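> Residue numbers (this note's numbering): 74 to 347. Just so it is clear, CB atoms sit at the ideal spot from N, CA and C, and this is done for glycine as well. Since the model is a prediction, treat every value here as computed from it, not as a measurement.
1. Between the alpha carbons of residue 184 and residue 192, how many angstroms are there, rounded?
2. With 16 other CB atoms within 10 Å as the buried threshold, where does residue 157 fall?
3. Ignore the nearest five residues each way along the sequence and tell me which others in residue 148's own chain have a CB closer than 7 Å to its CB.
4. For residue 304 versus residue 124, is the C-beta distance shorter than 7 Å?
5. Could you please give the first and the last residue of the uninterrupted beta strand (DSSP E) stretch that includes residue 176?
6. Under 8 Å, with one C-beta from each stretch per pair, do the region 91-109 and the region 125-132 reach the 3-pair mark?
7. Does DSSP put residue 165 in a helix, a strand or coil?
8. So the candidates are 101, 92, 96 and 94; which of them puts its Cα closest to the Cα of residue 84?
9. To the nearest angstrom, how far is it from the Cα of residue 134 to the Cα of residue 140?
10. Could you give the uninterrupted runs of the alpha helix (DSSP H) lying entirely in the region 177-212, keeping only those of 4 residues or more?
11. Our contact map puts residue 175 next to residue 208 with C-beta atoms below 8 Å; I'd like the distance itself, whole angstroms only.
12. Can you check DSSP and say which residues form a bridge with residue 155?
13. Count the other C-beta atoms from every protein chain shown that fall within 10 angstroms of the C-beta of residue 341, then say buried if there are 16 or more, exposed otherwise.
14. To the nearest angstrom, how far is it from the Cα of residue 180 to the Cα of residue 98?
15. To the nearest angstrom, report how far apart residue 164 and residue 296 are at their CA atoms.
16. Give the secondary structure of residue 313 by DSSP, where H, G and I count as helix, E and B as strand, and everything else as coil.
17. How about residue 331 and residue 268: do their beta carbons lie closer than 7 Å?
18. Grouping DSSP H, G and I as helix and E and B as strand, with all else coil, what is residue 105?
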């Protein structure tokens with residue numbers, strides 16, 4: 074979080090020097106803080122909407138709903154709202170700001186691909202995100218990444234407009250570089266945070282079910298099919314159980330998920346302790 078705020082402050086400072094106005098710096102910080110606060114309370118609903126998730130009741134899909142319900146009872150947690158995404162790509166995600174305001178979603182594709190044991194393991198992983206407050210961490214990251222991208226884009230467009238005073242060309246150059254690189258750095262940080270939280274959620278889910286082999290089996294199934302969803306949203310990719318984006322080798326640098334083989338290996342080694 075400190076790194077993100079430093080990036081925002083750095084962008085604001087560079088452009089306040091370019092235009093000779095400290096108001097830009099303070100305006101940037103205040104605007105980013107306000108935007109992040111709005112994201113904190115509204116980003117979960119936005120993420121669900123962006124991915125086409127529809128809330129369901131027990132009668133709509135008893136299998137999925139009961140699995141989530143049983144996991145909530147096992148963990149002694151409030152029952153989250155359950156959503157279904159009409160998408161053949163097997164995937165799932167959790168979102169919200171805390172266990173009392175949590176949402177879990179699964180695609181129609183993952184319901185078809187997984188047996189009951191594997192589906193329970195996947196949803197235990199997602200409930201692990203809720204239990205570990207990853208949903209809060211990742212929602213804040215989502216808001217800050219979006220804010221940095223928005224600020225950088227605004228400043229980059231401002232460079233095309235002149236001012237009464239000729240700005241220092243060094244600061245102009247720094248401003249252009251900052252506007253281009255800031256979103257990239259933000260996404261890299263987002264990916265690094267997300268990868269570590271995925272490992273933790275795997276471990277938490279395995280501890281809940283006492284069946285790490287089921288989660289390893291589910292991951293191996295996903296490794297043999299495409300998990301790329303129809304709605305491609307880089308800003309919410311880190312929320313998913315498996316990478317929902319299309320991409321080649323270059324995209325791996327920005328991947329929000331650790332390699333499936335590494336996750337399976339950790340789960341298998343973990344299984345010896347049960």
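So, from the data block:
1. Residue 184 and residue 192 have their C-alpha atoms roughly 7 Å apart.
2. Classification of residue 157: buried, given that the 10 Å Cβ count is 16 or more.
3. Excluding sequence neighbours, residue 148 sits near 200, 204 and 281.
4. Inclusion of residue 304 and residue 124 in the CB contact set at 7 Å is warranted, their separation being smaller than that value.
5. Element bounds for residue 176: 175-180.
6. Cβ pair count under 8 Å is below three, so no.
7. Here residue 165 carries a strand assignment [DSSP, helix/strand/coil].
8. Residue 101 is the option with its Cα nearest to residue 84.
9. Rounded to whole angstroms, the gap between the alpha carbons of residue 134 and residue 140 is 10 Å.
10. Listed in chain order, they are 181-186 and 189-204.
11. The Cβ separation is near 6 Å, so the contact holds.
12. Residue pairing of residue 155 in beta bridges, as defined by DSSP: 177.
13. Counting Cβ neighbours within 10 Å, residue 341 comes out exposed, since fewer than 16 surround it.
14. C-alpha separation (whole angstroms): 43 Å.
15. Rounded to the nearest angstrom, the gap between the Cα atoms of residue 164 and residue 296 is 12 Å.
16. Assigned with DSSP and collapsed to three states, residue 313 falls in strand.
17. In contact: residue 331 and residue 268 (Cβ atoms closer than 7 Å).
18. In this structure, residue 105 counts as helix in the three-state DSSP scheme.
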